[in-house]
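Counting from 75, one number per residue, gives the positions in the sequence shown under the numbering used here. Let me begin by presenting the structure, written as structure tokens, before commenting on it.
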Amino acid sequence: MSAGRLGKWRLLLCSLLMTGGWSLSAEASGYCVVNGADVEIHVVSLDTPAFVADIPPGEDRCCEAPGCFKRKQRTTILMVVTGYVPVTRESHPGWEAECRIRPSSGDSVMVTGGQQRIQCEIRSDSP
Numbered sequence: 075m076s077a078g079r080l081g082k083w084r085l086l087l088c089s090l091l092m093t094g095g096w097s098l099s100a101e102a103s104g105y106c107v108v109n110g111a112d113v114e115i116h117v118v119s120l121d122t123p124a125f126v127a128d129i130p131p132g133e134d135r136c137c138e139a140p141g142c143f144k145r146k147q148r149t150t151i152l153m154v155v156t157g158y159v160p161v162t163r164e165s166h167p168g169w170e171a172e173c174r175i176r177p178s179s180g181d182s183v184m185v186t187g188g189q190q191r192i193q194c195e196i197r198s199d200s201p
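Have a look at this one:
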């Protein structure tokens, strides 16, 4: 490649990066979890370590790309629980209610219910 053509490629690459024209694929966007339940929820991604969150009622948390999904996958498995007791030397893990869901990139997961029973569903609107 000639020096003139190489310079044009560098200029194009720089302008794309500076203007945001270099768009990331859908795989690179994350997902959000909205707590519509009346209790705090604990959320963990079961197939990547990228997302663990305790979310108070009425709040949301999002997993930011790129670590939200396993390589070359477009979904992940989330486990959402209430009444979570973490593992310690003195205790065993535990929880009251559980739901599992598989969000895709760009999805919003809505959690509803209470301490004894929760429901997870994908919503098209984001928080």
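C-beta: ideal position from N, C-alpha, C; glycine also. If you're wondering where the values come from, they're calculated on a predicted model, not measured in any experiment.
{"Query": "Closest by C-alpha distance to K254, when choosing among Q190, D134 and D121", "Result": "Limits of the chain in this structure are 75 at one end and 201 at the other, which puts residue 254 out of reach."}
{"Query": "Beta carbon of D134 nearer than 8 Å to that of G188", "Result": "no"}
{"Query": "Cα-Cα separation, E164 to F143", "Result": "33 Å"}
{"Query": "Residues near G206 in its chain [Cβ-Cβ closer than 7 Å; skip 5 each side]", "Result": "There is no way to answer for residue 206, as the model of the chain reaches only from 75 to 201."}
{"Query": "Candidates I151, D181 and R174, of which the one nearest I192 by Cα", "Result": "R174"}
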